[in-house]
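Please read the structure below before turning to the comments.
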Ligand code: AMP
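In the numbering used here, the protein residues as written are 14 to 438.
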């Protein structure tokens, strides 16, 4: 992670002291936000002043409100343009994140005197309802880049009045191969604008983007690496790969986890593991990029409503999922990329709540887990659960973290393939 030399000092304070309007303060209080999170305390004053922001923030830090609250405040101060025009554009990597941010913004804006119209647009679903919803434009647009460009091409949307651009999960946007779309969107925006960049990690591509995008940014880096997040209990359990489902069942029962997000490497594994859990009497469902949007939304809603106890997901399908009080995340398969480890475990221990993140480590994945530990400057003790003592000493091919075909040998999926599965391109 980039070291930020000019990191903002963070003092505990109340929402009202951040110069937010009483209507916005009322909306956040109704959501039971008692005090701003560190990222909110650091970012909100800067955004209100019109500054660019370069923030290191992970999902779960409260970053959505960090940019959304001051943007809404600025919207309401500016009054509504007639005809309506897009003033804030929020680009995100996935449709789930788009939907989630859109819903949050609507809830934050509910008491503002001038109604704020929020449009959420993403690929993988028919474009027509989104074009209809955009009639007369919108004040705030939350979008995945590909669909946004489609809508601009259809003249459903103009970006000429955008005053603030937010890039959320910028590392994911680039990781998913959106660099070209991003460049195209940037070329359609007015030169004078405010830019806010949020990213959990800072690989060179994100830093390069920040260099060209941001003018004298306020740099904000709140502690967010797993090693410094005190409310996530990270554990590594040694187990032979073929016994992972049994161990998962044991842990679910032993700890009475009400909701567990289980990460696996492939679409095949999501279904396979969910099926085995169901056969053991656990309410479980799979979520992956090849499911229809309807099926994904349903699975997520059931999980949030606690009608499902376990959701078995791939990284892509789970990205940005925001579920309060998620007590446990299990890395059934280790993440291929060390950065994904942060994204995964960020799904638990949110907003001050505690959570546990368990990684299954087998003989074949031990060296990969060591890489993850090194990258995040931590060392976890390896635990062994009685009855699950590992006996394997070498890796069966199927248990390698990079097994993208559920262990079946074959071509690895490209980023574009994954995007197509997601319906984002
Ligand atoms: P985010 O990082 O924006 O995805 O937010 C993570 C979760 O924290 C969301 O469910 C928010 O509703 C919640 N949240 C955001 N800000 C606060 C706050 N100040 N106090 C309590 N919860 C918050």
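Think of the CB as a built atom: it goes at the ideal place given N, C-alpha and C, for glycine as much as any other residue.
Bear in mind that the values here come from a model prediction, so they are computed numbers and not experimental data.
Determine the burial state of residue i: buried for a count of at least 16 other Cβ atoms within 10 Å of its Cβ, exposed for fewer.
i: residue 76; result: buried
i: residue 399; result: exposed
i: residue 16; result: For residue 16, the predicted structure reports a pLDDT of 33, less than 50, and the residue's modelled location is therefore unreliable. The matter cannot be settled from this model.
i: residue 282; result: buried
i: residue 268; result: exposed
i: residue 412; result: Caution is warranted here: a pLDDT of 41 is assigned to residue 412, below 50, making its placement in the model unreliable, and the coordinate value is therefore given only provisionally. Buried is the call here.
i: residue 244; result: exposed
i: residue 177; result: buried
i: residue 115; result: buried
i: residue 167; result: exposed
i: residue 239; result: Because the pLDDT of residue 239 is 43, which lies under 50, any placement of that residue in the model is unreliable, and the number read from its coordinates should be weighed accordingly. The residue in question, residue 239, is buried, as its Cβ has 16 or more Cβ neighbours within 10 Å.
i: residue 229; result: exposed
i: residue 286; result: buried
i: residue 204; result: exposed
i: residue 30; result: exposed
i: residue 27; result: exposed
i: residue 404; result: exposed
i: residue 113; result: buried
i: residue 305; result: exposed
i: residue 339; result: buried
i: residue 59; result: buried
i: residue 220; result: exposed
i: residue 384; result: exposed
i: residue 232; result: buried
i: residue 73; result: buried
i: residue 196; result: exposed
i: residue 319; result: exposed
i: residue 55; result: buried
i: residue 410; result: Note that residue 410 scores 47 on pLDDT, short of 50, meaning its location in the model is unreliable; the coordinates nonetheless yield the value given after this. Its Cβ having fewer than 16 others within 10 Å, residue 410 is exposed.
Whose CA, out of the options, lies closest to the CA of residue i?
i: residue 68; options: 159, 117 and 179; result: 179
i: residue 2; options: 266, 185, 212 and 174; result: An answer regarding residue 2 cannot be provided, because it is not within the stretch 14 to 438 covered by the chain.
i: residue 126; options: 86, 112 and 109; result: 86
i: residue 288; options: 324, 221 and 266; result: 324
i: residue 141; options: 163, 121, 158 and 130; result: 163
i: residue 293; options: 344, 300, 262 and 305; result: 262
i: residue 246; options: 275, 273 and 370; result: 370
i: residue 185; options: 108, 227 and 27; result: 108
i: residue 303; options: 297, 233 and 280; result: 280
i: residue 193; options: 395, 222, 383 and 132; result: 222
i: residue 272; options: 229, 351 and 360; result: 360
i: residue 321; options: 306, 344, 250 and 296; result: 296
i: residue 235; options: 44, 33, 89 and 51; result: 51
i: residue 90; options: 33, 308, 120 and 104; result: 33
i: residue 396; options: 225, 357, 299 and 264; result: 264
i: residue 183; options: 171, 217 and 201; result: 217
i: residue 129; options: 144, 110, 106 and 92; result: 92
i: residue 301; options: 284, 290 and 317; result: 284
i: residue 170; options: 201, 190 and 195; result: 201
i: residue 329; options: 350, 319 and 317; result: 350
i: residue 248; options: 172, 347 and 53; result: 347
i: residue 98; options: 83, 213, 290 and 132; result: 132
i: residue 49; options: 344, 82 and 354; result: 82
i: residue 78; options: 187, 290 and 42; result: 42
i: residue 341; options: 110, 253 and 266; result: 266
i: residue 191; options: 45, 106 and 356; result: 106
i: residue 71; options: 353, 121 and 88; result: 353
i: residue 275; options: 57, 195, 319 and 345; result: 345
i: residue 253; options: 44, 401 and 326; result: 401
i: residue 44; options: 111, 54 and 117; result: 117
i: residue 187; options: 212, 172 and 165; result: 212
i: residue 356; options: 47, 94, 224 and 110; result: 110
i: residue 382; options: 307, 57, 298 and 250; result: 250
i: residue 121; options: 95, 80, 143 and 94; result: 80
Comparing the C-beta of residue i with each C-beta of chain C, is any distance below 8 Å?
i: residue 151; result: Of the protein chains in this structure there is only one, and it is not chain C.
Would you say the beta carbon of residue i is closer than 7 Å to some non-hydrogen atom of ligand 2?
i: residue 75; result: You won't find ligand 2 in this model; what it holds is ligand 1.
Open item on the list: Please give me, in chain order, every unbroken run of the beta strand (DSSP E) with length at least 3 that falls completely inside the region 130-192.
Closed with: You should have 131-134, 153-156 and 177-180.
Task: Cβ contact (3+ pairs, closer than 8 Å) linking the region 374-384 and the region 252-263 - done: These segments touch.
Task: Inter-stretch contact (C-beta, 8 Å, three-pair minimum) for the region 30-40 and the region 116-125 - done: Two segments are said to touch when three or more pairs of C-beta atoms, one from each, lie closer than 8 Å; by this definition the region 30-40 touches the region 116-125.
Task: Unbroken stretches of the alpha helix (DSSP H), 4 residues or longer, contained in the region 70-106 - done: Secondary structure within the region 70-106: the alpha helix (DSSP H) runs of 4 or more consecutive residues, fully enclosed, are 76-91 (chain order).
Task: Runs of alpha helix (DSSP H) lying entirely within the region 29-60, each at least 4 residues, in chain order - done: If we require 4 residues or more, the alpha helix (DSSP H) runs fully inside the region 29-60 come out as 35-43.
Open item on the list: With three or more beta-carbon pairs closer than 8 Å as the criterion, would you say the region 137-157 touches the region 313-321?
Closed with: Result no; under three Cβ-Cβ pairs closer than 8 Å.
Task: contact_flag[the region 153-163, the region 132-139] where n(CB pairs < 8 Å) is 3 or more - done: Yes: the two stretches touch, three or more of their Cβ pairs being nearer than 8 Å.
Task: Touching by the beta-carbon criterion (3+ pairs, under 8 Å), the region 194-209 and the region 52-70 - done: At 8 Å Cβ cutoff, the stretches touch.
Open item on the list: Quick check: the region 378-395 against the region 98-105, are at least 3 beta-carbon pairs closer than 8 Å?
Closed with: The region 98-105, when compared against the region 378-395, does not touch it at the 8 Å Cβ threshold.
- [ ] Jot down the residue ranges of each uninterrupted beta strand (DSSP E) in the region 296-352, minimum 3 residues, whole runs only, in chain order.
- [x] List check, beta strand (DSSP E) in window: 297-300, 323-326 and 341-344.
Open item on the list: Runs of 3 residues minimum, wholly inside the region 242-271: which ones carry the beta strand (DSSP E) assignment?
Closed with: Whole beta strand (DSSP E) segments, 3+ residues: 245-251.
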